[in-house]
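Using my numbering, the first residue of the sequence shown is number 13, and each one after it goes up by one.
Just so it is clear, CB atoms sit at the ideal spot from N, CA and C, and this is done for glycine as well.
No experiment lies behind these values; they were computed from the predicted model shown.
Okay, so here's the structure we're looking at.
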Amino acid sequence: MRLDSVAEFRTDALSKVPQVTLAFWVVKILATTLGETGGDALSMTLNLGYGVSTLIFLAFFVVTLGAQVAARSYHPVIYWAVVVATTTVGTTTSDYIDRTLGLGYVKSSIMLFGMVVVVLAAWHLSTGRIQFEHITTRKNEIFYWITILVSNTLGTALGDFVATTTGLGFQGGALVFAGLIALVAVAQLFTGIPKSLLFWAAYVLTRPLGATLGDTLTKPIVEGGLNLSRITSSLVLAIAMAVLVAVTSLRRRPASAP
13 MRLDSVAEFR
23 TDALSKVPQV
33 TLAFWVVKIL
43 ATTLGETGGD
53 ALSMTLNLGY
63 GVSTLIFLAF
73 FVVTLGAQVA
83 ARSYHPVIYW
93 AVVVATTTVG
103 TTTSDYIDRT
113 LGLGYVKSSI
123 MLFGMVVVVL
133 AAWHLSTGRI
143 QFEHITTRKN
153 EIFYWITILV
163 SNTLGTALGD
173 FVATTTGLGF
183 QGGALVFAGL
193 IALVAVAQLF
203 TGIPKSLLFW
213 AAYVLTRPLG
223 ATLGDTLTKP
233 IVEGGLNLSR
243 ITSSLVLAIA
253 MAVLVAVTSL
263 RRRPASAP
């Protein structure tokens, strides 16, 4: 086996994140949709409010992130638990900023987008490269999860802005973000844009897609939703995620070392 193949094998074996496949994106969209329905279930259905719900989900995020950082290799359950934690805390944090603090969707989206750019720029300056598939060092792992947390918070505000402020509605917003993700996929196939930038662009866009899909499921019919139960929808989405993760494992595991 060639030396570059050996190096790639070892990097894959040590990486603490899944390979980016179609299954990865399907589960990511399920996770972001779950983040919207789950976040709203606590803050609205259970009437805990955005502030208290944010603290609860933040605690969940800290616990799951601690387990992820402590792990020595990729563990699907732990990894996707952290992703779900970032989407739920992102939902309630964004709603708190937009509604409780009154910043609004436009200002919060601009602020959070700026934060994503700053984190990615700092990542590149600190390590010389923005990673997304081979996360093997503590520094890259820290930047990876900060980027995800901020991008998932941005996605909630962006989804609400497109769906409500522009008047497109939840279904129209979902179509917009699905179309943008398709454009990113086309760009990966036919342009020379760095794959890391395209990955993070798609990653950011899956959050508002999930937000608009979640609202489509749970908002009242008069507001353009299907008026489904937030708690039931969250349970169904969580089960779908668990089944898909179990079936695919989201990562090609090498059979043996070379």
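Residue closest to residue i, alpha-carbon to alpha-carbon, out of the options
i, options, result
"Ser245", "Leu137, Gly51, Tyr62, Phe36", "Gly51"
"Arg84", "Ala133, Ser27, Thr104, Tyr62", "Ser27"
"Gly222", "Val174, Tyr156, Leu70", "Val174"
"Thr168", "Tyr91, Trp212, Phe36, Leu225", "Leu225"
"Leu247", "Gln31, Val38, Leu46", "Leu46"
"Phe144", "Thr228, Ser65, Leu210, Ala71", "Leu210"
Under the three-state DSSP convention, the category residue i falls into
i, result
"Val216", "helix"
"Ala133", "helix"
"Ser261", "coil"
"Gln80", "helix"
"Pro88", "helix"
"Val39", "helix"
"Lys119", "helix"
"Ser241", "coil"
"Pro270", "Confidence at Pro270 is low in this model, with a pLDDT of 40, below 50, so the placement of that residue should be treated as unreliable; the coordinate-derived value is given next. Three-state DSSP puts Pro270 in coil, outside helix and strand."
6 Å Cβ shell around residue i - same chain, five flanking residues per side excluded
i, result
"Ala252", "Leu42"
"Leu161", "Thr98"
Span of the alpha helix (DSSP H) around residue i
i, result
"Ile154", "150–172"
"Val198", "181–202"
Close beta carbons around residue i, own chain, < 7 Å, minus the five adjacent residues each side
i, result
"Ile243", "Ala53, Thr57"
"Ala190", "Leu221"
"Leu124", "Val162, Thr165, Leu166, Ala169"
Per-residue burial, residue i [other beta carbons within 10 Å of its own, 16 or more giving buried]
i, result
"Asn164", "buried"
"Lys207", "exposed"
"Val75", "exposed"
"Pro232", "exposed"
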